[in-house]
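Protein chains in written order, with this note's numbering: chain A, 114 to 528; chain B, 114 to 528; chain C, 114 to 528.
Backbone N, C-alpha and C define an ideal beta-carbon position, used for all residues, glycine too.
Below: the structure, in structure tokens.
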Amino acid sequence: MTEINALDTLWVLLAALLVFFMQAGFAMVEAGLIRSKNAGNVLMKNFIDFCFAALAFYIFGYAIMFGGTGPIVGTEGWFLFGVQGTVGSLPVEAFWFFQAAFAGTAATIVSGAMAERMRFVSYMAYSFLISAFIYPVVGHWVWGGGWLSTLKFYDFAGSTVVHGVGGMAALIGAWMLGPRIGRFNKDGSPNVISGHNIPLVTIGVFILWFGWYGFNAGSALGMSDAALVARVAINTTLAPAAGAITAMLMSWVLFGKPDLSITLNGALAGLVGITAPCAIVGSGASIFIGIIAGILVVYGVIGLNKLKIDDPVGAVPVHGLCGIWGTLAVGIFGQAALGAPSNGLFYGGGFGPLGTQLLGVVACLGFVAVTMGIVFKAIDAVLGLRVPRETELRGLDLDEHGMDSYSGFQIFTTE
Amino acid sequence: MTEINALDTLWVLLAALLVFFMQAGFAMVEAGLIRSKNAGNVLMKNFIDFCFAALAFYIFGYAIMFGGTGPIVGTEGWFLFGVQGTVGSLPVEAFWFFQAAFAGTAATIVSGAMAERMRFVSYMAYSFLISAFIYPVVGHWVWGGGWLSTLKFYDFAGSTVVHGVGGMAALIGAWMLGPRIGRFNKDGSPNVISGHNIPLVTIGVFILWFGWYGFNAGSALGMSDAALVARVAINTTLAPAAGAITAMLMSWVLFGKPDLSITLNGALAGLVGITAPCAIVGSGASIFIGIIAGILVVYGVIGLNKLKIDDPVGAVPVHGLCGIWGTLAVGIFGQAALGAPSNGLFYGGGFGPLGTQLLGVVACLGFVAVTMGIVFKAIDAVLGLRVPRETELRGLDLDEHGMDSYSGFQIFTTE
Amino acid sequence: MTEINALDTLWVLLAALLVFFMQAGFAMVEAGLIRSKNAGNVLMKNFIDFCFAALAFYIFGYAIMFGGTGPIVGTEGWFLFGVQGTVGSLPVEAFWFFQAAFAGTAATIVSGAMAERMRFVSYMAYSFLISAFIYPVVGHWVWGGGWLSTLKFYDFAGSTVVHGVGGMAALIGAWMLGPRIGRFNKDGSPNVISGHNIPLVTIGVFILWFGWYGFNAGSALGMSDAALVARVAINTTLAPAAGAITAMLMSWVLFGKPDLSITLNGALAGLVGITAPCAIVGSGASIFIGIIAGILVVYGVIGLNKLKIDDPVGAVPVHGLCGIWGTLAVGIFGQAALGAPSNGLFYGGGFGPLGTQLLGVVACLGFVAVTMGIVFKAIDAVLGLRVPRETELRGLDLDEHGMDSYSGFQIFTTE
């Protein structure tokens, strides 16, 4: 047990609350991108999943993720019992807060992809299970001393561990739920279902970007290497800027006009892409990583449409596809000379070659695909994943919560 | 006069600006929970009360609260004249900023409870008086070296000093104003008057929770005890999470569906409840405190309806009732072994038993009830508390400010 | 090259991300103050201009602003090549991030003044050019070792360098674009075109004020003088509070009712006014500076109407007029005894008399007026500044982006 460093603690607490605030960003983005009749439902899901994540990570998640260095799972510290003192230079409570906020992020990514048609009670069950068990297992493998950390698989702030996990869960969920009524025509061609409040989406993306500085730079777990923290900050600026501009240009070329939603998702794509490599690439590489992410996210949306998978907010392309890209980018652009630090506790430095990165992606996302498939299947059997057709048509706000998100406003909704 | 500690200063400035940002949270929550025809008015009240609070606390409040250790009031430092150097390890300007932001919070709690029917000019008068005189007196008693601090009454971040004061002022005000037109039927049964913009409410609660980390953890007034700050952070996460889930379940059981507004208020209830004891309870106790707060807030809303007191946003249950609960929880769950620090300047450590906590609550809230009763009575006599009936029907935005908060939108409003 | 100071780095990174977050504030203020049919367009402009600013400042701006101490421009460090190590006690990447966020602020001020009628592609060209070249030249003169810094022209956080530059560019742009259709009658009298979403405006101003603490207090470039940082914080609280109250009273006297938009702009006016002198004036002076700013902003709006210049959000009075006022206030209220620090790298301390301050204002804003006049003229010739009449009537959202910012909502729009 080392001494507590007050400056490191301040930094990590600040970062943790920035990551916490990202919940507000997700909530606004998702609510704005769907129809008003379901806005309250998705806000409720975004709010309550953080609450469940906090308790689930307190009761089970922390122990699984950080309770010992076994290859597969940790096994100590349920309810934080017996967990005290420090983790590195941090009081354990500060470290817990930062990690719990991460668990909340992984959980909340899914709500958007399954929006406008998933039962609330089923969502609650899902969000508890991913925060308590599934995310922590992957987290243990990479950051908690598990087998992937032994192989030097490297994911600084969670392109795979957080965003890949959330994105893969979103893909499985959106696929199992099926598309919203009216989303695809009989011939398979997609219809656009417009979001109802674009200013909400915009402030949500600003909040996410703002919080992402905590997500990435806080993953240094302190200020002992201030130059590294500053490098993370510049990369977390340039990659999303490049991603947004790229996605905007793509939308202009492919669809005829510069599209705001695509541009905003381009910024998020750049952020997800730079999350894994942010500490070990130069500023030029971060721009390149952002550009590729901006391209990927647009083709990802197109690809999902082809597969007739309905992801109302683009969670799968943003978090899943660009999470994979960011993790692989470590193996392509990572510079050992930059020090290759890690936020893993039991990680000795250095990072793996492209093959190791690919192995880690496949292992983590494969695990999530299988376990989330089982989880969603089980929830479907017990509670039912999808709301009844009439509820979907009327809107989940009314049937599931007895509310109207915009009381008094005259609103026409499709279908 | 001690040396300035730069790290402590940074932490307290950061905390102060998080508390400042809570003003935005209050504004959004209150605006969203009322009808659109009064949204601009309540935004104006929330914005301007911070401005008045800043000046009032500069001119009068700081001197009353911190200008000497008399048992009842301080008497030095009007306009900060003669106030210089340091308070503990902080430049006095940093300490002032943190305290002024607190004064603004106490003031702004009331605007929601009196929304949709109180004259703007009267609200300005109220907000000046509470920030200049009433809040600072209570603050002096507890944190400024006054008689309650001598008795070891303990309120780490202000369950009573800030939230109890605001909640009691809100109760007196809402009671004196009377309910909105149409809120209660002739037989006494309540009608629901729905809020007009639930996404605003949601982002507001996220902002409040985000800012609350500054409110609670900043009350350590520095980073010298980093473990304490981290403990505050984990408790400020778990209590609202437990409060939100509890209130949601309560709404489900009592009203048939999981209600978003009640869930959000449950989180705020948990935050208010953990505010006093956050530094001296363990994480398990914080969850229990949050659960009780989540129950209290729901029954508080029901109780106000029975009393035919109209509190459009639930300020009285959230801040008043849970403020009392949090203060008493110190006497129930407080662990001396955790060090019992205090943010009071002249406070020697340790905390009182339940009886002392109860005495403090009664004294502080009794003082507020009496003085605010006089203040509101006097304002009513001179300026009139309530807008004319026609103004209330048309909306305060139009008559009091000549504005339309949603120009162009087609909106039906009740009554 | 000095040692990196981790505490200073943390502070500047925190400040930088607060300044980054101001982008969200600008976006919300501008979107809310215009009609819904153009909301998406102005959000897009606000979002993408930061992205362009980040890349432009990376490629060209930083080199021009900080690449050597020539009197007119710097010439080293394009793409940050060869720029490494530290700036003062900061890693260069942290310093870059803070400065890039400032460049983004200068750029984004203009979008509001030119809202509802400027082509998107032309706005992109403009935003790249101001961030790459025009802002950095002025920045070099004052903060980068250029000729004005040699003369001891003093602008602590950018009343002139950022807000004056943005406000002057906004004036030139709004004047060259001409007013919106229907904004002025044939007899020259103005019509009010109401903003469509006042809650957005309010949260935007709260975000701006919140971020401004980073803008001003971060300009200390570290925590080595914690008393100075705290002084900046108190002044950044009192000046906007005084500005808001003053502007509110002005609106009450001049127009009959306390106006929310004017009140909010009064706070921004106070913030712009205190930006230059915040480190070297006492708290009493900051209140006075805020009061004058609150008066100026109201008369500025009236004056623009007289000149038939259409500035939909009041960017010119807020940023331009109050930017000038704040810079001159240095010469009037600045106290050398307070230490007269500077955030300029090559600046020896002390500040100029009123004459020097006036010279600096004239030189900087004259340079901007001339160069921006040429830029806008050139863009107009090549791309066209203004959208076609039909596009303006239908709304820029539909024609320029193929979107509807509030899908489903029933909205009537003027003209």
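Asked                                                                                                                                                                   : Found
I need the straight-line Cα distance from Val483/C to Tyr248/A, nearest angstrom please.                                                                                : 57 Å
Nearest chain B C-beta to Trp209/A closer than 8 Å, yes or no?                                                                                                          : yes
Could you check if Phe525/B is buried or exposed, using at least 16 other CB atoms within 10 Å of its CB as the buried criterion?                                       : exposed
Since I believe Gly436/B is in contact with Gly407/B (beta carbons under 8 Å), could you give me their beta-carbon distance rounded to a whole number of angstroms?     : Actually they are not in contact, since the Cβ atoms of Gly407/B and Gly436/B sit about 15 Å apart, beyond 8 Å.
Suppose you measure from the CA of Phe266/C to the CA of Phe192/B; what does that come to, to the nearest Å?                                                            : 31 Å
Return the chain-ordered ranges of every alpha helix (DSSP H) run that is complete within the stretch 232-266 of chain B and spans a minimum of 4 residues.             : 233-242, 248-256, 260-263
With the cut-off set at 8 Å, would you say Phe446/C and Ile400/C are in Cβ contact?                                                                                     : no
Return no unless some Cβ of chain C is closer than 8 Å to the Cβ of Asn456/B.                                                                                           : Reliability fails at Asn456/B, whose pLDDT of 40 lies under 50, so the model's placement of it is uncertain and the value that follows must be treated cautiously. No, no contact with chain C.
For the alpha helix (DSSP H) containing Cys435/B, name the first residue and the last one.                                                                              : 435-446
Thinking just about the alpha-carbon of each residue, which of Asp424/C, Gly153/C, Thr504/C, Val278/C is nearest to the one in Ile306/C?                                : Asp424/C
Where does Ile161/A sit, in a helix, a strand or coil, going by DSSP?                                                                                                   : helix
Within 10 angstroms of the Cβ of Asn154/A, are there 16 or more other Cβ atoms? Answer buried if so, exposed if not.                                                    : buried
Between Asp268/B and Thr440/B, which are expected to be in contact by the criterion C-beta below 8 Å, what is the C-beta distance as a whole number of angstroms?       : 6 Å
With a threshold of 8 Å between beta-carbons, can Gln523/C be considered close to chain A, or not?                                                                      : yes
Can you pull the chain B residues whose beta carbon is under 8 Å from the beta carbon of Asp423/C, in chain order?                                                      : Result: empty, since nearest Cβ-Cβ is about 17 Å, beyond 8 Å.
In three-state terms, what does DSSP make of Pro430/C?                                                                                                                  : helix
With a 10 Å radius around its C-beta and 16 neighbouring C-beta atoms as the bar for buried, classify Phe165/A as buried or exposed.                                    : buried
At a CB-CB cut-off below 8 Å, which residues of chain A make contact with Phe319/B?                                                                                     : Phe134, Gln136, Ala137, Ala140, Phe160
In whole angstroms, what is the alpha-carbon distance linking Ile161/B and Pro312/B?                                                                                    : 23 Å
Quick one: is Val495/C buried, meaning 16 or more other Cβ sit within 10 Å of its Cβ, or exposed?                                                                       : exposed
Quick one: give me the first and last residue of the alpha helix (DSSP H) that Asp493/C is part of.                                                                     : 467-495
Listing by chain order, which chain B residues have their CB less than 8 Å from the CB of Met336/C?                                                                     : Ala119, Leu120, Thr122, Leu123
Where does the unbroken alpha helix (DSSP H) through Ala206/A begin, and where does it stop?                                                                            : Sequence inspection shows Glu at residue 206/A; the Ala mentioned does not correspond to that position. Taken as a continuous stretch (DSSP letters only), the alpha helix (DSSP H) holding Glu206/A covers 205-226.
Thinking C-alpha only, which one of Asp372/A, Glu189/A, Gly201/A, Pro390/A is nearest Met516/C?                                                                         : Asp372/A
Going along chain C, which residues have a C-beta under 7 Å from Asp517/B?                                                                                              : Ser307
What residues from the stretch 186-203 of chain C come within 8 Å of chain A, judged by C-beta to C-beta, listed N to C?                                                : Phe192, Leu193, Leu203
With a threshold of 7 Å on Cβ separation, who are the neighbours of Trp486/C within its own chain once the five nearest residues in sequence on each side are excluded? : Reading off the sequence shown, one finds Gly at residue 486/C, where the question assumed Trp. Result list for Gly486/C: Ile285, in chain order.
What residue range does the alpha helix (DSSP H) around Ala398/A cover?                                                                                                 : 396-419
Using a C-beta cutoff of 8 Å, does Phe489/C count as contacting chain A?                                                                                                : no
According to the Cβ coordinates, are Val426/B and Val251/B closer than 8 Å?                                                                                             : no
Use the C-beta contact count for Gly224/A: other C-beta atoms within 10 angstroms, 16 or more gives buried, fewer gives exposed.                                        : The sequence given here places Ser at residue 224/A; Gly does not occur at that position. By the neighbour-count rule (16 or more Cβ atoms within 10 Å), Ser224/A is buried.
Do Val385/B and Val431/B have their CB atoms nearer than 8 Å?                                                                                                           : yes
If you pair each beta-carbon of the stretch 286-296 of chain B with each one of the stretch 220-237 of chain B, do three or more pairs fall below 8 Å?                  : yes
Give the residues of chain B in contact with Asp510/C, contact being defined as C-beta atoms less than 8 Å apart.                                                       : What Asp510/C touches in chain B: nothing, since even the nearest Cβ is about 13 Å away.
Could one say the Cβ of Tyr171/B lies closer than 8 Å to chain C's Cβ atoms, at least one of them?                                                                      : yes
Cα separation between Lys150/A and Asp121/C?                                                                                                                            : 48 Å
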